[in-house]
Each structure stands twice: as structure tokens, then as C-alpha cells.
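Peer 1: Here our numbering is used: position 249 in the sequence shown is 317, and no number is missing along the way.
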Amino acid sequence: MVDDDAQVRHAIARVIEGHGLATAEAASGSEALALLQRDGEIPLVISDIYMPEMDGVTFLREALRLFPDMAIIMLTGVAEVTTAVECLKLGALDYISKPVLVEEVRARVDKALEKRQLVLQNRFYQQNLEGRVRELDRRNRQSLINGVQTLVHALEAKDAYTSGHSSRVSRYAVKTAVRLGYTADRLEHIRLGGELHDTGKIGTREDILNKPGPLTPEEFEHIKVHATLGERILAPFLSESPMVLRIVRHHHERLDGGGFPDGLIGGDIPHEARIVAVVDAFDAMTTNRAYRPSRTPADAVAELRDCAGTHFDREIVDAFLAAFRDVSALPLSN
Ligand SMILES: [Fe+2]
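#1: Please report the straight-line C-alpha distance between residue 241 and residue 392, rounded to a whole angstrom.
#2: Of the choices 101, 360, 107 and 180, whose alpha-carbon is the least far from that of residue 124?
#3: Going by Cα to Cα distance, which pick from 325, 243, 114 and 275 is closest to residue 384?
#4: By a C-beta neighbour count over all protein chains shown, 10 Å radius and 16 as the cutoff for buried, is residue 284 buried or exposed?
#5: Could you check if residue 203 is buried or exposed, using at least 16 other CB atoms within 10 Å of its CB as the buried criterion?
#6: I'd like the ranges of any alpha helix (DSSP H) spanning at least 4 consecutive residues and lying wholly in the region 371-395.
#7: Counting only runs of 4+ residues fully inside the region 209-249, write out the alpha helix (DSSP H) ranges in chain order.
#8: Which of the three DSSP states is assigned to residue 311 in this structure?
#9: Who are the near neighbours of residue 77 in its chain, counting only those whose CB is closer than 6 Å to its CB and skipping five residues on each side?
#10: Output the distance between the C-alpha atoms of residue 121 and residue 88, rounded to the nearest integer angstrom.
#11: Please identify the residue among 91, 340, 84 and 99 whose C-alpha is closest to the C-alpha of residue 256.
#12: Pull up the distance between the alpha-carbon of residue 138 and that of residue 197, whole angstroms please.
#13: Leaving out five residues on either side along the sequence, give the residues of the same chain with a beta carbon under 6 Å from the beta carbon of residue 376.
#14: From what residue to what residue does the alpha helix (DSSP H) around residue 276 run?
#15: What does the Cβ neighbour count give for residue 234, buried or exposed, with the cut at 16 atoms within 10 Å?
#16: Assuming residue 316 contacts residue 349 under a Cβ cut-off of 8 Å, what Cβ separation, rounded to an integer in Å, is found between them?
#17: Looking only at C-alpha atoms, which of 153, 324 and 379 sits nearest to residue 141?
#18: Over the uninterrupted beta strand (DSSP E) stretch that includes residue 113, give me the two end residues.
#19: For residue 374, is the beta carbon positioned less than 6 Å from some heavy atom of ligand 1?
#20: Measure from the alpha carbon of residue 397 to the alpha carbon of each residue in 368, 380, 372 and 378, then state which is nearest.
#21: Say the cut is 6 Å; is the CB of residue 330 nearer than that to a heavy atom of ligand 1?
#22: Less than 7 Å between the C-beta atoms of residue 318 and residue 304, yes or no?
#23: Residues bridged to residue 163 by DSSP?
#24: Where do the ends of the alpha helix (DSSP H) carrying residue 349 lie?
#25: With DSSP as the reference, label residue 303 as helix, strand or coil.
#26: Going by DSSP in three states, residue 174 sits in which element: helix, strand or coil?
#27: If I follow the unbroken alpha helix (DSSP H) through residue 168, where does it start and stop?
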């Protein structure tokens, strides 16, 4: 209760105490501010407008700046209605005109406290809700990605040749990326991109995927579609991780522009996709495929070296070999 008139101040404080609330009194705006700063926020303040030292309007401004959630009721003389309205605009919740009626003080105090509580509750729910929606959205996306990953694994498991391919590619790629100085988010893109790079194979014909022997040009065209198809399947769940989508799309590009789907050249191919391209090729070579038996790791390494500079990024091939010094221990088991 802030008023320089001690009589009015005491009287209203007694009314409020009689209403079951604890009170504190201040004779001026500056005294009230000092009290607030010492004791912390008070839910409701009733303040006179005309006071020496610091008037009610200045006090209102300062108090709301420090404690935006405080409910403030202005006490006004009959002649000060314009000032009272001005105070409402500045954030006061209500005003009481003098001479003060006991019943009116009680009613306005109750209303102001109720209104403040509603505002706080609303804000709490709103903030909470936003957080929960975000969390739910994140979880939804995650479970959709998990679902796609399960599908990819199931597809690989059906075929003894490719079983575990995506997980191995992911692990090779991460270790190579660490070697190349990747950290945090970029590593996570590589991990997920490795896991999901062949998602599009969900949509390719199994008889072509598992065909023993060389593919016809038409069949090869059909297989090529898996890069763009994978990107399309995943796009709705990965709008916040565009790099993962780029890895999926570009993991068959070649440095010399001879790859697919876009024939990107050199540095135009995302670095992450170039990493996956190297380790994908290594895993394909060192595991049995329907159309040929596996090659020894040493043989695969020689092939990577041969194709460094044309197919593959030389620095990435070197990083992969540095990350796995003992390639004879590869492929990694599941
Ligand atoms: Fe692929």
C-alpha cells in the first residue's frame, strides 16, 4: 500500500488485512521500490498517484519494469480520471477513486489478484504447451526416422549380401569424419546420412537389386533412382537436417562428374556425401554381392586409391585409411 497520506494508507492496509491478506506500507514511490527490491515481488500493489518524491505514474513504470507480473491498482482523486486511464495504458490493472469504499477495495483487490493469476497461468500453459509441442514434434520425427531405418534394415536383412550394410557405412563414415575434424552436429548428420543413404532402395525392384550378373542399361537407370527417391521419402521428416537429405541424394556422385543423380563435380558435391561415397564403395567391395563375390580389404583399398581423384576425394580416402589402419579387420561385424 503506497500513499504519502498515512491515514489513507493505514486505513486501506487494515481493510486488506481484514480481507485475509498480509500488507506492507510505503510512504512514497521510491520507498516502495526500495521495499520491492529488498523483499522481491509482491503480487499486488495499490498506489496513490500524487505523492512527493516519486509520483505514482513514475513508480508504476519502474515497478512494472522490474516486476512485469505485478498487479498494480492506482488510487485516484475524482479529478484525476485522465491520469488513471493513462496508468491503465501503462499497465496498471485497475484504479480506485477516492473517497474509498471498503467494499470496493475488497472487490477490486480480489479481481486484480484473480486477473493476475489468470495471466500467469495462461502464460505458463502457453510456454509449457509450446515446449511440449516442440518435444512431441521432435519425438514424432524421430520415431518416423526410426521406422524408415527399421525398413532399411529389414530390406538388407532379407538379402544376406547387404545385411548390415547401412550400419557399417554409418560407422565407417563417422570414424572417417572424426579423422577429418568433424564434431557435434556435423558428425550426427554423417551418422544418420550413413544409416539412411540407401533408403530409396525400399522403392526399387528386388529382382534387379538381387540380380546375379551385370545390369542392363534400363536396370541401371532403375537402380539410380534410389538416390532421389530416398531423399523424397525422407524429406518430410528431415526438414530440419537438410544435410542428411543431401547425403542421401548425392552419395553416388563422382568427383569427375560421372556420378548420379546430378553429375556434380568436385567441390560441388557436399563433403559429407563424398565421405559416404568412399566408405559405401569400400563396404560394397568387401561384402558379397549377388553379382560377385567379395574382394579382400587390401584389394578394395587398392581400388579406392586407384579411383582417388576421379571417383573419390583423395583426402577422404586417406582419412578413411588412417581411421582404419588395420583394414584386414574389416568389414566390421554387426
Ligand atoms: Fe546407394
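No residue lacks a Cβ here, since even glycine has one placed at the ideal position from N, Cα and C.
Peer 2: Let me lay it out:
#1: It is roughly 11 Å from the alpha-carbon of residue 241 to the alpha-carbon of residue 392.
#2: The shortest Cα separation from residue 124 among 101, 360, 107 and 180 belongs to 101.
#3: Nearest neighbour of residue 384 by Cα position, chosen from 325, 243, 114 and 275, turns out to be 243.
#4: By the beta-carbon neighbour count (other beta carbons within 10 angstroms, threshold 16), residue 284 is exposed.
#5: Counting Cβ neighbours within 10 Å, residue 203 comes out exposed, since fewer than 16 surround it.
#6: With a minimum length of 4 residues, the continuous alpha helix (DSSP H) runs that stay inside the region 371-395 are 382-391.
#7: Along the region 209-249, the alpha helix (DSSP H) occurs as fully enclosed runs of 4 or more residues at 233-247, listed in sequence order.
#8: It is helical.
#9: Excluding its 5 nearest sequence neighbours in each direction, residue 77 has C-beta neighbours in its own chain below 6 Å: 69, 71 and 93, listed in chain order.
#10: Near 31 Å, if we compare the C-alpha coordinates of residue 88 and residue 121.
#11: Considering only alpha carbons, the answer is 340.
#12: Going by the C-alpha atoms only, they are around 23 Å apart.
#13: Once the five neighbours on either side are set aside, the close Cβ partners of residue 376 are 382 and 385.
#14: Residues 274-277.
#15: So residue 234 counts as buried.
#16: Actually they are not in contact, since the Cβ atoms of residue 316 and residue 349 sit about 16 Å apart, beyond 8 Å.
#17: Comparing alpha carbon positions, the residue from 153, 324 and 379 closest to residue 141 is 153.
#18: Unbroken beta strand (DSSP E) run through residue 113: 112-116.
#19: It does not: the Cβ of residue 374 is nowhere closer than 6 Å to a heavy atom of ligand 1.
#20: Closest by alpha carbon: 368.
#21: Every heavy atom of ligand 1 is 6 Å or more from the Cβ of residue 330, so no.
#22: Pairing residue 318 with residue 304 gives a Cβ-Cβ distance that is not under 7 Å.
#23: 142, per the DSSP bridge assignment.
#24: From DSSP, the alpha helix (DSSP H) with residue 349 extends over 339-354.
#25: In the structure shown, residue 303 sits in coil (DSSP, three-state: anything other than H, G, I, E or B).
#26: Helix.
#27: Run containing residue 168: none; DSSP gives neither H nor E here.
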